[in-house]
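In my numbering, the protein residues as written are 3 to 416. The C-beta atom is built at its ideal place from N, Cα and C for all residues, glycine as well. Quick caveat, the model's predicted, so the values are computed rather than measured.
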Amino acid sequence: MAARTGASVGVAVTITILGLVSVALFVTTMVFYGRSQSAQNQLNLAREDYAQFVSDAQREHASVRAVLEESRQARQSVVEYLMTGRAQMLSAVTGDQSMSLAAFKETLAGIEGAESTPLVSLIQNKNAEIARLTRRAEIAEQERRAAQLAAENEAERVAAIEAAFGAQGQALQSDVGNIMNQLVETRRRLAEMEDKYAGIIDEKDAAHRATVTELETTVDDLRNQLVVLQDQLLRARNQGRTDIILPLNEEALVDGQIDRVDRAVNEVILSIGRKDKVVLGMTFAVYSSPTDIRPDELTGEYPKGKAVIEVIRVEDAFSRARIVESSEGNPIIRGDVIANAVYDPSKTYKFVVEGLFDTNGDGLATRYERDELAALIERWGGTIVDEVTGDLDFLVLGQRPVLPPAPSAGAPIP
């Protein structure tokens, strides 16, 4: 058997060392490989997490780079910088740093105009509106103060008026008291006078009633006598002067004629004037011919003319008259004749006017209108007499006067 040499031992040691080194290298390789796989997995997870915050394409955006630069200047991470900015923004806008985006959107939805207008613009608009309202409030406050001052001045004026009125009221109350005392005294005296003169009034009333009864009886007797005298007068005239009661010829009743008709002014020219005793206001009836002025055989009344005219201007030889009434089918023409029952330039008629008359057509017959009628007759040339005599021409009777009722026993003495 061969003996071991020193070279064999060295080879064996070398092989052993190489084996150990190979094993160590394998183990080391496996360890580093395992760690490399773990690092790769962590890197992949980190990339996935990083992609959740920002993608590779978004990293190139200018806004992202600006945020990155701002975070570096603030010595903060981008997330910390964004979280800090978000918290500050929520605190400034809502006052709640922990509010979520959904809650923030819900809060914005409750603000009018926030869905279409930026919050800053909306706040600026609200601030401008608040400024306008504040200015209006200041103006209103100034007006309120002015109105309050005016009200205070008015209150002072009213107080002064009330004070003056109170003084006047006291004076008036004093005067009223005096007047009431005088009134009481006057009533007392009046009662005494009423008691004193009651008997006298009754006596006067009885005497007045007796006098009225006696006068009414006398008036009735006089009226009866008047009727008898009128009948006797009529008989005497019929017997002794039959020519007077006969109607005159138609030509004798004509007082004048129409010389010209001026239809433009509704006026006519008459053939009689001042020398014929024509006066202003005199009226005439117009007839087509003298034969139309013929009395009715049954009633003895003269017919109504086709027109009525009133004198409005008098000259020496002619007169101008206006047409008061006319007939459309029978107009006034030149040559028509005129007549007035009480007008006669050659004679003065005597009239007796008795009773109450209604000359203005208001339905009330008065003594005053009787005087107007008498004045009209005198103005037209007639004479008013008080008694019915044999030479009387006309008796004009109106309504019988109504005597007032007798006063009562308690009526005051006039």
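Residue range of the unbroken beta strand (DSSP E) whose run includes residue i
{"i": "glutamate 374", "result": "Glutamate 374 -> not in any beta strand (DSSP E); alpha helix (DSSP H) instead, spanning 369-381."}
{"i": "valine 288", "result": "285-289"}
{"i": "glutamate 311", "result": "The sequence shown places isoleucine at residue 311, not glutamate. 309-316 is the span of the beta strand (DSSP E), which, as asked, contains isoleucine 311."}
{"i": "lysine 352", "result": "352-356"}
{"i": "glutamine 78", "result": "Note, glutamine 78: premise wrong, no beta strand (DSSP E); not H, not E."}
{"i": "aspartate 264", "result": "258-264"}
{"i": "valine 398", "result": "396-399"}
{"i": "isoleucine 335", "result": "Run containing isoleucine 335: none; DSSP gives neither H nor E here."}
Distance, residue j Cα to residue i Cα
{"i": "leucine 248", "j": "aspartate 395", "result": "Low confidence applies to leucine 248: its pLDDT is 46, below 50, so where it sits in the model is not reliable, and the reading given next is rough at best. Each residue's Cα considered, the two are about 13 Å apart."}
{"i": "tyrosine 370", "j": "glycine 357", "result": "11 Å"}
{"i": "valine 397", "j": "phenylalanine 353", "result": "The question names valine, yet the displayed sequence has leucine at residue 397. Whole-angstrom Cα-Cα distance: 6 Å."}
{"i": "phenylalanine 135", "j": "glutamate 143", "result": "A small correction: the amino acid at residue 135 is leucine; phenylalanine does not occupy that position in the sequence shown. The alpha-carbon atoms of leucine 135 and glutamate 143 are separated by roughly 12 Å."}
{"i": "alanine 341", "j": "arginine 381", "result": "17 Å"}
{"i": "glycine 307", "j": "valine 288", "result": "5 Å"}
{"i": "serine 73", "j": "threonine 30", "result": "42 Å"}
{"i": "isoleucine 246", "j": "lysine 349", "result": "Residue placement at isoleucine 246 is flagged as unreliable, the pLDDT there being 45, under the threshold of 50; the coordinate-derived value follows with that caveat. Between isoleucine 246 and lysine 349, the C-alpha separation is close to 14 Å."}
{"i": "glutamate 194", "j": "aspartate 207", "result": "20 Å"}
{"i": "alanine 149", "j": "valine 122", "result": "39 Å"}
{"i": "proline 297", "j": "threonine 285", "result": "20 Å"}
{"i": "glutamate 82", "j": "valine 66", "result": "14 Å"}
{"i": "glutamate 252", "j": "glycine 258", "result": "Bear in mind that a pLDDT of 43 at glutamate 252, under 50, signals an unreliable position, so the number given afterwards is only what the model happens to contain. Rounded to the nearest angstrom, the two C-alpha atoms are 12 Å apart."}
{"i": "glutamate 164", "j": "leucine 174", "result": "14 Å"}
{"i": "glycine 87", "j": "phenylalanine 34", "result": "43 Å"}
{"i": "leucine 282", "j": "serine 328", "result": "20 Å"}
{"i": "valine 186", "j": "alanine 161", "result": "36 Å"}
{"i": "leucine 250", "j": "valine 214", "result": "Low confidence applies here, because leucine 250 scores a pLDDT of 47, under 50, leaving its location unreliable; read the following figure in that light. Their backbone Cα atoms lie some 45 Å apart in a straight line."}
{"i": "serine 38", "j": "methionine 32", "result": "10 Å"}
{"i": "leucine 366", "j": "aspartate 388", "result": "24 Å"}
{"i": "isoleucine 125", "j": "alanine 76", "result": "29 Å"}
{"i": "serine 24", "j": "alanine 41", "result": "25 Å"}
{"i": "asparagine 183", "j": "leucine 192", "result": "14 Å"}
{"i": "alanine 64", "j": "glutamate 71", "result": "10 Å"}
{"i": "asparagine 155", "j": "alanine 133", "result": "33 Å"}
{"i": "glutamate 145", "j": "alanine 68", "result": "55 Å"}
Burial state of residue i (16 or more Cβ within 10 Å)
{"i": "valine 313", "result": "buried"}
{"i": "arginine 402", "result": "exposed"}
{"i": "valine 280", "result": "buried"}
{"i": "methionine 91", "result": "exposed"}
{"i": "leucine 20", "result": "exposed"}
{"i": "arginine 243", "result": "Unreliable positioning characterises arginine 243 in this predicted model, as indicated by a pLDDT of 46, which lies under 50. The coordinate reading is nonetheless provided below. Answer is exposed; the Cβ neighbour count stays below 16."}
{"i": "leucine 47", "result": "exposed"}
{"i": "alanine 309", "result": "buried"}
{"i": "valine 178", "result": "exposed"}
{"i": "phenylalanine 359", "result": "buried"}
{"i": "valine 316", "result": "buried"}
{"i": "isoleucine 334", "result": "buried"}
{"i": "isoleucine 202", "result": "exposed"}
{"i": "arginine 372", "result": "buried"}
{"i": "leucine 27", "result": "exposed"}
{"i": "aspartate 17", "result": "The question names aspartate, but residue 17 in the sequence shown is isoleucine. Exposed is the call here."}
{"i": "leucine 22", "result": "exposed"}
Identified DSSP bridge partners for residue i
{"i": "isoleucine 325", "result": "Ile311"}
{"i": "glutamate 269", "result": "Asp264, Arg324"}
{"i": "phenylalanine 359", "result": "Thr368"}
{"i": "threonine 385", "result": "Lys352"}
{"i": "alanine 341", "result": "Ala287"}
Beta-carbon separation (whole angstroms), residue i vs residue j, contact threshold 8 Å
{"i": "phenylalanine 320", "j": "glycine 363", "result": "In fact, because the Cβ distance is near 31 Å, the residues do not count as touching under 8 Å."}
{"i": "valine 270", "j": "alanine 343", "result": "Their Cβ separation, rounded to whole angstroms, is 20 Å, which puts valine 270 and alanine 343 out of contact at 8 Å."}
{"i": "leucine 235", "j": "glycine 392", "result": "7 Å"}
{"i": "aspartate 261", "j": "leucine 272", "result": "7 Å"}
{"i": "leucine 224", "j": "valine 390", "result": "About 11 Å; that fails the 8 Å criterion."}
{"i": "serine 291", "j": "valine 339", "result": "7 Å"}
{"i": "threonine 385", "j": "tyrosine 345", "result": "About 14 Å; that fails the 8 Å criterion."}
{"i": "isoleucine 295", "j": "isoleucine 311", "result": "So it is not a contact: roughly 15 Å between Cβ atoms."}
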